[in-house]
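In my numbering, the protein residues as written are 8 to 385.
Just so it is clear, CB atoms sit at the ideal spot from N, CA and C, and this is done for glycine as well.
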Amino acid sequence: MIERHRRRRSFVGVILLLILLSGLPVIARDQEDRLTPMDLFELEYASDPQISPDGRYIVYVRRASDVMTDQRYSNLWIISFDGKEHRPLTTGISRDSSPRWSPDGTRIAYISDREGSPQIYVRWMDTGQTARITNVPFPPEGIAWSPNGRSISFAMFVPEPPRQIGSLPAPPPGAKWADSAMVIDRLVYRFNGAGYLKPGYTHLFIVPAEGGTPRQISSGKFHHGGVGFRASEAVWTPDGKALLISANRRPDFDLEPLDTEIYEFSIADGSVRALTNRRGPDNAPAISPDGRYIAYVGFDDAYQGYQVTRLYVMNRDGSGSRVLSAALDRDVMRPRWTPDGHGILFLYDDQGTTKLGLYTLDGAFRTLAAHIGSGDLA
Numbered sequence: 008m009i010e011r012h013r014r015r016r017s018f019v020g021v022i023l024l025l026i027l028l029s030g031l032p033v034i035a036r037d038q039e040d041r042l043t044p045m046d047l048f049e050l051e052y053a054s055d056p057q058i059s060p061d062g063r064y065i066v067y068v069r070r071a072s073d074v075m076t077d078q079r080y081s082n083l084w085i086i087s088f089d090g091k092e093h094r095p096l097t098t099g100i101s102r103d104s105s106p107r108w109s110p111d112g113t114r115i116a117y118i119s120d121r122e123g124s125p126q127i128y129v130r131w132m133d134t135g136q137t138a139r140i141t142n143v144p145f146p147p148e149g150i151a152w153s154p155n156g157r158s159i160s161f162a163m164f165v166p167e168p169p170r171q172i173g174s175l176p177a178p179p180p181g182a183k184w185a186d187s188a189m190v191i192d193r194l195v196y197r198f199n200g201a202g203y204l205k206p207g208y209t210h211l212f213i214v215p216a217e218g219g220t221p222r223q224i225s226s227g228k229f230h231h232g233g234v235g236f237r238a239s240e241a242v243w244t245p246d247g248k249a250l251l252i253s254a255n256r257r258p259d260f261d262l263e264p265l266d267t268e269i270y271e272f273s274i275a276d277g278s279v280r281a282l283t284n285r286r287g288p289d290n291a292p293a294i295s296p297d298g299r300y301i302a303y304v305g306f307d308d309a310y311q312g313y314q315v316t317r318l319y320v321m322n323r324d325g326s327g328s329r330v331l332s333a334a335l336d337r338d339v340m341r342p343r344w345t346p347d348g349h350g351i352l353f354l355y356d357d358q359g360t361t362k363l364g365l366y367t368l369d370g371a372f373r374t375l376a377a378h379i380g381s382g383d384l385a
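This is how it looks when you write it as structure tokens:
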């Protein structure tokens, strides 16, 4: 939700901030061995790598800036696993993001604003043909393919009518009246840089992979799905019958913003079932390839200033929850199962360095890599 409402930061503002904080004169352009404020427009970085099902290719988001419009943009690029092939999949001053391979590797779904508002697109890898499959009124996020490749889930904001006090008469033709009074009954009602939040909630949807009318899965006055405020991306179960999501469905969720649970939503009828039940966050569910176990992160909230985020694993039905990372005094992030289902990969920060770790189901731990750049894990 933050990402949806956050205003695009100006690179000009970044440049001015650097100059003010440094207290030094702007470095001359002819000193090529020095970083100058204008060099910020030349910086590019890669994020969100996604490995093809056959392991031969990696598609990722390449982010850059346009010096003429002072805007950030992003395109999709693809590189072979051996690094010999490297080329763009999309081009132009647009924001292309969230690439996701179809289960059979023949298509890539992604989000783009190249035709105006952000929508979901699908690209066929054999022909390069691309189709827009949604025409939704608010930006979709958190897209994921169903196991059979026939549907795509996503999260989207659903507005609600604003509350009003009384009934005001209509202004005369040509009159300029002040805005109507706002009725606020939420603790979180505005963000810096975004202003007052529109009334409404984020919900889960699914849409046919060939396009069509999206169908809303979740309901209620709660936020579900997405990648922003107090939420996480939905995960399909291997049988394609349900979506797993971390959400806070407490009536007083504004008072207890950390108290999320792992929920299972039925694709057939939208019925919901809580798989966890404790005071504290339960986030980032990841289901094992065979569908028997669910890994997730969280902690028992003792209302302390800081608590270590642990790695947990439980049975598919929510029973038998146990902590795997009790001996690791570091926050665990972004759990992912190994293809054989015998271990869980995750990221953690250690003295300023992001590392890739592995826990097996019997509790054995080892570090696989260090100095992980952006913190993305495919």
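Residues of its chain near ASP266, where Cβ-Cβ distance is below 8 Å and the 5 sequence neighbours each way are ignored: ASN255, ARG257, PHE260, ARG286, GLY287, PRO288, ASP308
From ILE65 to VAL315, what distance separates their C-alpha atoms? About 32 Å.
With a Cβ-Cβ cutoff of 8 Å, do PRO110 and LEU83 count as a contact? no
Candidates GLY227, ALA371, TYR128: closest to ASP120 by CA position: When each option's Cα is compared against that of ASP120, the closest is TYR128.
Measuring alpha carbon to alpha carbon, tell me which of PHE272, ALA216, ARG102 ends up nearest VAL242. PHE272
What is the rounded straight-line gap between the Cα of THR367 and the Cα of ALA275? Each residue's alpha carbon lies about 34 Å from the other.
Leaving aside the five residues before and after ARG329 along the sequence, list all residues of the same chain whose C-beta is less than 8 Å from its C-beta, in chain order. Same-chain partners within the cutoff: TYR319, VAL320, MET321.
Extract the residue ranges of the beta strand (DSSP E) inside the segment 239-291, only unbroken runs of 3 or more that lie entirely within it. 249-254, 268-273, 279-281
If you scan the segment 97-134 from start to end, which runs of the beta strand (DSSP E) of 3 or more residues do you find wholly inside it? Note on the segment 97-134: whole beta strand (DSSP E) runs with a minimum of 3 residues are 103-108, 114-119, 126-131, in chain order.
Could you check where the beta strand (DSSP E) with TRP152 kicks off and where it finishes? 148-152
Which same chain residues, not among the five before or five after TRP184, have their C-beta less than 7 Å away from its C-beta? PRO178
In angstroms with no decimal places, state the Cα-to-Cα distance between GLY364 and ALA334. 13 Å
Sequence-distant residues of the same chain with beta carbon closer than 6 Å to SER59, five excluded per side: TRP108, GLY112, listed in sequence order.
Does the segment 293-307 come close enough to the segment 338-355 to have 3 or more Cβ pairs within less than 8 Å? yes
From ALA302 to ALA281, what distance separates their C-alpha atoms? 15 Å
PHE306 (DSSP reduced to helix, strand or coil): coil
Note down the Cα distance separating SER104 from VAL279, rounded to an integer number of angstroms. Roughly 29 Å between the two C-alpha positions.
Quick one: residues in its chain with C-beta nearer than 6 Å to the C-beta of GLY48, no 5 flanking neighbours on either side, listed in chain order? At residue 48 the sequence reads Phe, which differs from the Gly that was named. Hits under 6 Å: SER72, VAL74.
Okay, do the segment 124-141 and the segment 207-218 touch, 3+ Cβ pairs below 8 Å being the bar? yes
Tell me which residues share the same chain as SER332 and place their Cβ nearer than 7 Å to its Cβ, disregarding the 5 neighbours each side in the sequence. ARG317, LEU318, VAL339, TYR366
Residue from LEU354, ASP369, ALA371 with nearest C-alpha to HIS378: LEU354
Backbone CA spacing between VAL165 and GLY207 [nearest angstrom]: 5 Å
Determine, for ASN142, whether the minimum Cβ-Cβ distance to residues of chain C falls below 8 Å. Any reference to chain C falls outside this structure, which holds one protein chain only.
DSSP three-state assignment for PHE48, whether helix, strand or coil: helix
What would DSSP say about ALA162, mapped onto helix, strand or coil? Under the three-state reduction of DSSP output, ALA162 falls in the strand class.
Taking just the CA atoms, how far does LYS248 sit from GLN223? Each residue's Cα considered, the two are about 15 Å apart.
In the DSSP assignment, find the unbroken beta strand (DSSP E) run with LYS228 in it and report its ends. Where LYS228 is concerned, there is no enclosing beta strand (DSSP E), given that its DSSP letter is neither H nor E.
I need the DSSP call for GLY200, collapsed to helix, strand or coil. coil
Would you identify the three-state DSSP class for ALA71, choosing helix, strand or coil? strand
For the beta strand (DSSP E) that GLN78 lies in, which residues bound it at each end? 78-87
At the level of alpha carbons, what is the spacing between GLY218 and PRO147? 14 Å
What first and last residue would you give for the beta strand (DSSP E) that runs through MET340? 340-344
Measuring alpha carbon to alpha carbon, tell me which of GLU51, THR97, VAL195 ends up nearest GLU263. VAL195
Grab the span of the beta strand (DSSP E) containing ARG357 for me, first residue to last. A small fix is needed here, since residue 357 is Asp in this sequence, not Arg. Taken as a continuous stretch (DSSP letters only), the beta strand (DSSP E) holding ASP357 covers 350-357.
Going by DSSP, which residues form a beta bridge with HIS210? MET163
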